[in-house]
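In our numbering, the protein residues as written are 183 to 750. Note that the Cβ used here is the ideal one computed from N, Cα and C, for glycine as well.
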């Protein structure tokens with residue numbers, strides 16, 4: 183949780199209970215959040231937005247103590263203490279100093295990447311490729327200058343699994359451990375991103391799993407109108423070529439090289455009503471066209487031998503769009519509502535293209551429907567109690583299809599066993615994949631100066647349908663152009679499954695005693711999946727068949743303790 187905490191004392195070092203502590207920032211639509219120090223002189227102000235804060239301490243009979251310029255990052259608790267001198271209320275002591283750099287109350291290992299750093303990095307502007315800038319975090323993408331694009335983005339840490347990662351926006355899942363429900367991932371709009379937070383060790387009980395937790399911190403607008411614009415571009419004239427005589431003698435004629443890479447975005451936001459209703463909207467267009475190493479169109483696509491047309495190298499082309507809007511409404515002094523919508527379609531021509539997959543055998547991935555929406559409600563019930571509830575939905579409809587603009591893509595697929603290449607046509611089942619991942623979370627926090635106790639739940643559920651078809655349910659394997667083996671498929675068929683519940687219930691406390699803070703929690707996790715009853719028509723190689731529903735595949739339950747200590 184993002185916040186400010188500390189202790190108030192008088193100039194003799196005695197603790198001061200009952201001090202009113204206010205955190206003020208333009209990042210807060212309510213402008214100011216306030217608490218009171220407890221009997222130990224301690225206070226905590228949690229659930230703050232990243233931004234620049236001024237912290238003010240007031241107590242009758244003492245001079246007002248003010249600390250300015252506190253830079254607060256996501257998932258960071260800044261320690262701000264006050265030494266208050268006896269004096270009149272009219273006296274204010276302003277203390278200047280560098281922002282706290284060390285979180286002395288939490289044990290989470292994390293790294294935060296801010297927007298100016300994101301813009302400066304020579305990589306794709308997505309959470310996966312930027313994540314590798316964190317020591318110990320690895321991506322499934324190798325990216326230089328934006329060449330990786332958006333392909334099943336995943337992260338892992340400390341030698342773990344790529345599937346054991348959670349990606350969240352507004353604390354709601356964009357991608358989870360169940361790849362079937364979010365495999366393509368959502369192309370997030372970096373023009374709406376304020377910070378990216380990566381947690382990769384000692385994660386709290388709020389989160390399942392032990393992998394990487396990515397939290398995308400969005401922009402919300404503010405009390406003044408502001409905007410941003412970004413553009414970068416590269417083409418083949420900006421790249422060298424290392425294909426020399428030595429490589430050509432080994433049959434390597436082309437290398438991975440760019441035809442063009444582009445990324446353009448614009449964003450604008452501000453108040454619809456000052457201190458009451460803010461908006462932020464952003465629109466982004468990005469993609470690439472790249473030649474892949476030793477891939478070529480065929481000279482004769484109608485025979486069973488692959489002969490490369492070296493004048494026509496194979497290219498992979500991706501086009502992305504993202505448009506989003508966020509509204510933040512201060513419903514009352516204690517209640518706030520935020521809603522968000524992101525629409526992000528994508529197409530990739532010749533997806534999977536490589537030296538063993540020639541252009542005709544690559545696929546066209548089309549994601550015409552891809553959107554993510556959230557609603558988040560926060561209520562400050564008292565100065566010590568905070569309630570939060572949110573829900574979100576990610577819906578995608580995407581296909582694997584025959585390569586477009588290839589003269590052989592509608593013919594029988596062929597694999598040359600001696601050359602180890604696939605050509606002519608895509609040899610796996612064409613499919614349409616329809617997924618809807620719905621996520622929910624709720625929490626209640628009780629915060630005194632010494633304690634920050636929190637209970638809550640997270641839940642994800644939703645259906646996934648895969649419609650498998652095949653223009654040809656037979657694929658050939660050849661040697662020197664002579665068929666000697668076939669692969670036959672049981673298409674067409676439709677697979678239906680449902681994530682019944684990915685549920686977590688947790689309780690945790692952060693307890694500070696003098697210089698020691700103990701973070702303790704426990705989490706109960708429940709994962710249940712179901713395969714629905716389904717039927718399939720007959721095909722060339724198999725007759726009609728039907729299958730009963732399968733429940734509890736799997737049905738897992740787990741209780742996990744979380745414990746850590748931080749000493750200031």
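Rounded to the nearest whole angstrom, the C-alpha separation of residue 674 and residue 582 is 14 Å. Comparing alpha carbon positions, the residue from 272, 283, 266, 739 closest to residue 254 is 283. Residue 262 sits away from residue 224, with the two beta carbons spaced by 8 Å or more. Under DSSP, no beta-bridge partner is assigned to residue 527. Annotation: the stretch 238–318 contains the following complete segments of the alpha helix (DSSP H) (minimum length 4 residues), in chain order: 297–302, 309–313. Scanning the stretch 568–652 for uninterrupted alpha helix (DSSP H) segments of 4 residues or longer gives nothing; none is fully contained. Residue 524 and residue 200 have their C-alpha atoms roughly 44 Å apart. Bridge pairing for residue 548: 529, 581 [DSSP]. Counting along the chain, the unbroken alpha helix (DSSP H) around residue 429 starts and ends at 427–430.
Residue state for residue 372 is assigned as helix, using DSSP reduced to three classes. When beta bridges are read from the DSSP output, residue 682 appears opposite no residue. Per DSSP, residue 507 is one residue of the beta strand (DSSP E) stretching across 490–514. Counted as a single uninterrupted DSSP element, the beta strand (DSSP E) harbouring residue 466 occupies residues 459–480. By the neighbour-count criterion, in which a residue is buried when 16 or more other Cβ atoms sit within 10 angstroms of its Cβ, residue 717 is exposed. DSSP, read as helix, strand or coil, puts residue 541 in helix.
The Cβ atoms of residue 540 and residue 603 sit closer than 8 Å to each other. Look at the beta carbons and you see the stretch 554–570 not touching the stretch 581–599: under three pairs across the two are nearer than 8 Å. For the 8 Å CB-CB criterion, residue 502 and residue 332 form a contact.
Spanning the alpha carbons of residue 505 and residue 466 requires a straight line of approximately 6 Å.
Annotation for residue 546: 531, 583, 585, 586 place their beta carbon closer than 6 Å to its own, counting only its chain and skipping 5 residues before and after. Shortest Cα-Cα distance from residue 747 to any of 735, 726, 720, 693 involves 693. Out of 221, 534, 685, 469, the CA that lies nearest to the CA of residue 197 is found in 221. Here residue 592 is exposed: its Cβ has fewer than 16 other Cβ atoms, across all protein chains shown, within 10 Å. Between the beta-carbon of residue 401 and that of residue 376 there is about 5 Å, and that keeps the pair under the 8 Å contact cut. Per DSSP, reduced to three states, the secondary structure at residue 418 is helical.
Nearest to residue 209 by C-alpha distance, out of 195, 217, 235, is 235.
For the beta strand (DSSP E) assignment, the uninterrupted runs of no fewer than 3 residues enclosed by the stretch 660–723 are, from N- to C-terminal side, 664–670, 675–695, 698–713, 716–718. Cβ contact annotation for residue 320 (same chain, cutoff 8 Å, sequence separation greater than five): 314, 337, 338, 339, in chain order. Note on residue 472: 16 or more other CB atoms within 10 angstroms of its CB, so buried under the neighbour-count rule.
A direct Cα-Cα distance of roughly 10 Å separates residue 543 from residue 536.
Residue 669 sits close to residue 659, with the two beta carbons spaced by under 8 Å. Cβ neighbours of residue 243 within its own chain (closer than 7 Å, five residues either side excluded): 268.
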